[in-house]
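Since the structure comes first, as structure tokens, the remarks are kept for the end.
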Amino acid sequence: MSLPTEFSPKELELPTTVAESHALIVQLMERIAALEEKLKLNSRNSSKPPSSDGPGSGSSHRPKPKSDRKRGAQKGHPGAYRALLPAEQVDAVVDCALPVTCSCGGTIVAVDAKPYRHQVHEIPPIHAVVTEYRRTQGCCQDCGQHVIAPLPVGVPRGQLGPRAVALVGTLAGQYHLSQHKIHRILGQVFGVRFSVGTISAAHGKVAQALEAPCVAMKVAIQRAPVKHADETTHQSHGHGMWLWAMVSAWGAYMHIDASRSQSAARELLGETLHGVLVSDRYAGYRWVDVQQRQVCWAHLLRDFRRIAERPGEAGRVGRHLLALGWLLFRFREERREVQEYQRLQRRMRRVLERGAHQRSCSRTANTCRNLLELWPALWRFVDDPAVEPTNNRAERALRGAVLRRKISYVTRSGRGLRFVERIFSVVYTCMQQERDLYAYLFESMTAAFSGLEAPSLVPDFAVPA
Numbered sequence: 002m003s004l005p006t007e008f009s010p011k012e013l014e015l016p017t018t019v020a021e022s023h024a025l026i027v028q029l030m031e032r033i034a035a036l037e038e039k040l041k042l043n044s045r046n047s048s049k050p051p052s053s054d055g056p057g058s059g060s061s062h063r064p065k066p067k068s069d070r071k072r073g074a075q076k077g078h079p080g081a082y083r084a085l086l087p088a089e090q091v092d093a094v095v096d097c098a099l100p101v102t103c104s105c106g107g108t109i110v111a112v113d114a115k116p117y118r119h120q121v122h123e124i125p126p127i128h129a130v131v132t133e134y135r136r137t138q139g140c141c142q143d144c145g146q147h148v149i150a151p152l153p154v155g156v157p158r159g160q161l162g163p164r165a166v167a168l169v170g171t172l173a174g175q176y177h178l179s180q181h182k183i184h185r186i187l188g189q190v191f192g193v194r195f196s197v198g199t200i201s202a203a204h205g206k207v208a209q210a211l212e213a214p215c216v217a218m219k220v221a222i223q224r225a226p227v228k229h230a231d232e233t234t235h236q237s238h239g240h241g242m243w244l245w246a247m248v249s250a251w252g253a254y255m256h257i258d259a260s261r262s263q264s265a266a267r268e269l270l271g272e273t274l275h276g277v278l279v280s281d282r283y284a285g286y287r288w289v290d291v292q293q294r295q296v297c298w299a300h301l302l303r304d305f306r307r308i309a310e311r312p313g314e315a316g317r318v319g320r321h322l323l324a325l326g327w328l329l330f331r332f333r334e335e336r337r338e339v340q341e342y343q344r345l346q347r348r349m350r351r352v353l354e355r356g357a358h359q360r361s362c363s364r365t366a367n368t369c370r371n372l373l374e375l376w377p378a379l380w381r382f383v384d385d386p387a388v389e390p391t392n393n394r395a396e397r398a399l400r401g402a403v404l405r406r407k408i409s410y411v412t413r414s415g416r417g418l419r420f421v422e423r424i425f426s427v428v429y430t431c432m433q434q435e436r437d438l439y440a441y442l443f444e445s446m447t448a449a450f451s452g453l454e455a456p457s458l459v460p461d462f463a464v465p466a
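According to our numbering, the sequence shown is numbered sequentially starting from 2.
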């Protein structure tokens with residue numbers, strides 16, 4: 002007897018025998034257990050983000066016990082002091098005169114000693130530099146065509162110059178500000194007052210300028226020996242979409258797709274995978290050979306915790322797996338030898354086989370069988386030091402986009418989609434390469450307004466042959 006997903010008492014076919022009644026009771030109990038477990042899911046036992054944990058969920062870490070020490074620096078702390086700028090870097094010097102008399106009534110006399118230096122840093126008044134280009138008009142004497150003098154090379158046709166457009170891109174990408182907030186900052190701080198539509202148009206110019214370097218990054222990262230992949234939701238045009246990230250040791254490429262299918266993963270990673278892929282156990286990566294995969298152990302720990310919270314034999318298997326998982330991370334921290342991992346692998350495999358054969362929970366058995374099928378992908382990091390056991394690199398790359406999604410929430414145009422995927426690709430790449438994002442965007446926009454391509458973000462060692 003199959004149990005429908007949704008049913009009413011009238012639609013449910015009642016059992017007619019004791020055996021059918023028992024079968025129905027078992028199905029109902031399994032369904033109740035699955036629903037109760039779903040209610041208990043949080044960031045510690047599933048892939049849900051910590052922001053989804055509600056109050057009283059029990060997923061937050063326990064606060065540290067209060068210390069008896071006072072707040073702030075403790076006695077004997079050497080302190081931290083800002084170094085004074087050298088005299089040649091000081092813009093102005095003001096000599097302060099001594100008072101004539103002391104508070105006690107005595108006369109104050111200057112001593113032969115160096116003056117005490119006190120430096121104050123101030124931001125000067127900021128205003129935009131407005132340049133007016135007066136374009137002479139003319140007329141052809143032969144055909145009568147009206148002619149306007151062209152703008153000099155590098156001058157944009159819009160109202161914002163390369164520095165202003167680079168600032169708009171930096172505020173949106175690195176600091177997650179919405180278009181309305183950027184609009185207010187430009188007006189309040191710089192005295193530049195344009196419509197929100199001008200800010201949106203600047204996003205489009207940034208996206209267009211970054212097209213070539215992002216395409217080059219995609220090709221280079223696809224050829225990287227180790228790459229990480231992950232995906233997160235994105236809202237656009239009222240429809241749910243997916244922001245995919247492919248990250249290497251030096252850069253990141255992001256792409257927004259309407260699907261979370263294997264075809265979307267192939268579009269991101271390439272039809273033929275080169276090197277090793279680090280990811281979670283999502284089915285969209287199932288087409289990748291297990292010998293070329295590394296499954297994220299941070300996700301596995303959450304899976305083991307969820308199993309450990311189940312009753313009976315399944316819970317005992319989960320607690321054993323969780324203990325072995327934490328032991329693995331301790332081995333990693335202590336840089337244990339390969340032989341140590343081999344003993345750990347044998348113990349882990351025995352527990353997984355036990356979980357696959359137990360009959361108290363079918364979901365636990367399915368998870369254990371899946372991990373046994375992925376067995377080589379669990380231990381790729383042991384043989385290759387360049388492979389990390391977790392997918393934290395890809396998750397960190399997506400964090401900026403997730404923060405922007407929570408602040409601005411949606412995109413409403415194709416231009417917005419291209420801006421999101423390209424600006425966050427460049428933001429995380431510049432962070433990995435310790436490059437200044439604003440300086441790079443300024444170079445890119447200067448090149449774009451001159452009809453040139455933006456500077457490459459692919460290091461020389463990563464350029465495909």
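Even glycine gets a Cβ: it sits at the ideal position worked out from N, Cα and C. Source: prediction; values computed, not measured.
Rounded C-alpha distance that separates L99 from Q120
Straight across, the Cα-Cα distance linking L99 with Q120 is about 18 angstroms.
Inter-residue spacing [alpha-carbon to alpha-carbon] between L274 and V248:
When rounded, the distance between both Cα atoms is 14 angstroms.
Looking only at its chain, what residues have a beta carbon closer than 6 angstroms to the beta carbon of W298, apart from the 5 residues adjacent to it on each side?
Leaving aside the five residues that flank W298 on each side, the residues in its chain whose CB is nearer than 6 angstroms to its CB run, in chain order, P390, T391.
Do you know how far the Cα of R370 is from the Cα of E314?
Taking the straight line from one Cα to the other gives about 16 angstroms.
For W243 versus S260, is the C-beta spacing smaller than 8 angstroms?
Their beta carbons are under 8 angstroms apart, which means W243 touches S260 by this criterion.
Among P214, V148, H358, which one has its Cα closest to the Cα of L453?
When only C-alpha atoms are compared, the closest one is P214.
Residues bridged to Q295 by DSSP?
For Q295, the beta-bridge partners assigned by DSSP are V279.
With 16 other CB atoms within 10 Å as the buried threshold, where does W327 fall?
Sixteen is the threshold: since fewer than 16 other Cβ atoms of the shown chains lie within 10 Å of the Cβ of W327, the residue is exposed.
Reduced DSSP secondary structure (H/G/I, E/B, other) of Q175:
Q175: coil per DSSP, three-state reduction.
Three-state secondary structure (DSSP) at I109?
Three-state DSSP puts I109 in coil, outside helix and strand.
What residue range is occupied by the uninterrupted beta strand (DSSP E) comprising D258?
Unbroken beta strand (DSSP E) run through D258: 253–258.
Please identify the residue among A440, L322, N367, G188 whose C-alpha is closest to the C-alpha of A129.
Just measuring C-alpha positions, the residue of A440, L322, N367, G188 sitting nearest A129 is G188.
Report buried or exposed for A455, applying the criterion of at least 16 other Cβ atoms within 10 angstroms of its Cβ.
A455 should be labelled buried.
Since I believe R416 is in contact with H229 (beta carbons under 8 angstroms), could you give me their beta-carbon distance rounded to a whole number of angstroms?
Rounded to whole angstroms, the Cβ separation of H229 and R416 is 28 angstroms, and the two are not in contact under 8 angstroms.
Looking at C-beta atoms only, is the number of pairs between the stretch 174–188 and the stretch 399–409 that lie closer than 8 angstroms three or more?
The stretch 174–188 vs the stretch 399–409: in contact.
In its own chain, which residues sit with a C-beta less than 6 angstroms from the C-beta of S361, not counting the 5 before and 5 after it?
The answer, listed in chain order, is G313, E314, A315.
State whether the stretch 339–356 contacts the stretch 67–85, with contact taken as three or more CB pairs (one from each stretch) at a distance under 8 angstroms.
Contact between the stretch 339–356 and the stretch 67–85 is not established, with fewer than three Cβ pairs separated by less than 8 angstroms.
Tell me whether S451 is buried or exposed, calling it buried when 16 or more other Cβ atoms sit within 10 Å of its Cβ.
Here S451 is exposed, its C-beta having fewer than 16 other C-beta atoms within 10 Å.
Exposed or buried, what is T132 when buried is set at 16 or more other beta-carbons lying within 10 Å of its beta-carbon?
By the 10 Å Cβ count, T132 comes out exposed.
How close, in whole Å, do the beta carbons of G276 and V220 come, if the pair is a contact with beta carbons under 8 angstroms?
Between V220 and G276 the Cβ distance is about 13 angstroms, and since that is not below 8 angstroms, they are no contact.
For the alpha helix (DSSP H) holding C369, just list the boundary residues, first then last.
C369 -> alpha helix (DSSP H) spans 363–374.
Rounding to the nearest angstrom, what Cα-Cα distance links R317 and L36 in this structure?
Straight-line Cα distance between these residues: approximately 21 angstroms.
Tell me, please, whether the CB atom of R287 is closer than 8 angstroms to any CB atom in chain D?
Among the protein chains of the structure shown there is no chain D, as only one such chain exists.
Terminal residues of the alpha helix (DSSP H) in which W327 lies
First-last of the alpha helix (DSSP H) with W327: 313–335.
Which first and last residues belong to the beta strand (DSSP E) in which C431 is found?
That residue, C431, is in no beta strand (DSSP E); its alpha helix (DSSP H) goes 415–433.
Euclidean distance between Cα positions of A246 and R164
One C-alpha to the other measures close to 28 angstroms.
Decide if the stretch 420–432 is in contact with the stretch 250–269; the criterion is three or more beta carbon pairs, one per stretch, under 8 angstroms apart.
Using a Cβ-Cβ distance cut-off of 8 angstroms, the stretch 420–432 and the stretch 250–269 are in contact, since at least three pairs of beta carbons, one from each stretch, lie closer than that value.
Cross-strand partners of A230 (DSSP beta bridge)
A230 pairs with M247.
What are the residues that DSSP puts in a beta bridge with Q236?
Residue pairing by DSSP puts Q236 in a beta bridge opposite G241, V411.
Going by C-alpha distance, which of E31, L15, V339, N46 is nearest V306?
A small correction: the amino acid at residue 306 is Arg; Val does not occupy that position in the sequence shown. If we check each option's Cα against that of R306, N46 comes out closest.
Answer yes or no: do L325 and V296 have a C-beta to C-beta separation smaller than 8 angstroms?
Going by beta carbons, L325 and V296 fall outside the 8 angstroms limit.
Opposing strand residues paired with H78 [DSSP bridges]:
In DSSP, H78 forms no bridge with anything.
Going by the DSSP bridge assignment, what does Q138 pair with across the sheet?
Q138 is bridged by DSSP to I149.
Answer yes if the stretch 194–202 comes into contact with the stretch 429–445, meaning at least three C-beta pairs across the two stretches below 8 angstroms, and no otherwise.
Counting Cβ pairs under 8 angstroms, fewer than three are found: no touch.
Whole-angstrom distance between P153 and C140, CA atom to CA atom:
If you take the alpha carbons of C140 and P153, they lie about 20 angstroms apart.
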